[in-house]
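Listed below in structure tokens is the structure:
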């Protein structure tokens with residue numbers, strides 16, 4: 267899975283481009299299925315410090331990622347990651363649906379009002395957070411569901427199943 271992270275990151279330009287162009291690049295060059303998915307990947311990469319948003323658009327950071335720092339960057343830079351890890355550590359392991367049910371109290375009120383379908387939206391976000399957290403070693407996938415990783419080490423491609 268780190269190969270996937272590297273491939274998507276490599277598709278982000280080294281010189282700033284508008285979000286629409288960046289999303290198109292991710293779809294074309296990194297086999298991201300749709301522009302909405304690409305926009306989500308840009309947010310994830312920003313949270314990890316692997317991409318930046320400037321006045322001119324998005325740009326890939328030039329420094330190679332410190333793989334040992336990815337778990338902490340994920341927890342610090344991706345909204346909801348720390349709260350989800352605490353929830354899973356306290357009561358897990360459990361599947362994505364149960365994780366959402368236990369996480370839902372952390373969904374801000376302002377996120378609940380723009381749409382009647384906020385639960386579906388946030389269920390998807392929690393599922394993505396679990397997958398990304400597994401990728402960077404914050405969560406482990408077990409037979410019982412997702413568990414908080416004890417070591418926080420980045421998973422190799424053969425160890426990660428999300």
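Numbering (the numbering used here), first residue to last: 267 to 428. All C-beta atoms in this analysis are idealised placements derived from N, C-alpha and C, irrespective of residue type, glycine included. For clarity, every value in this text was computed on a predicted model and none was experimentally measured.
If you run the structure through DSSP and keep just helix, strand and coil, what is residue i?
| i | result |
| --- | --- |
| residue 407 | strand |
| residue 323 | strand |
| residue 329 | coil |
| residue 300 | coil |
Tell me the rounded alpha-carbon separation between residue i and residue j.
| i | j | result |
| --- | --- | --- |
| residue 393 | residue 281 | 31 angstroms |
| residue 398 | residue 319 | 20 angstroms |
| residue 336 | residue 415 | 13 angstroms |
| residue 278 | residue 268 | 16 angstroms |
| residue 304 | residue 410 | 30 angstroms |
| residue 330 | residue 283 | 20 angstroms |
| residue 372 | residue 353 | 10 angstroms |
| residue 383 | residue 368 | 18 angstroms |
Measure the CB-CB distance between residue i and residue j and report whether it falls below 9 angstroms.
| i | j | result |
| --- | --- | --- |
| residue 429 | residue 389 | Residue coverage of the chain in this structure runs from 267 to 428, which leaves residue 429 outside it and unanswerable. |
| residue 225 | residue 402 | In this structure the chain extends from 267 to 428, so residue 225 is not present and cannot be described. |
| residue 412 | residue 357 | no |
| residue 316 | residue 275 | yes |
| residue 396 | residue 355 | no |
From which residue to which residue does the alpha helix (DSSP H) around residue i run?
| i | result |
| --- | --- |
| residue 346 | Counting along the chain, residue 346 falls outside any alpha helix (DSSP H), and DSSP gives it neither H nor E. |
| residue 272 | 268-277 |
| residue 395 | 384-401 |
| residue 365 | 362-369 |
| residue 283 | Per DSSP, residue 283 belongs to no alpha helix (DSSP H) and is neither H nor E. |
| residue 377 | 375-378 |
Using CA coordinates, which residue listed in the options is at the minimum distance from residue i?
| i | options | result |
| --- | --- | --- |
| residue 344 | 386, 301, 310, 300 | 310 |
| residue 287 | 359, 308, 405 | 308 |
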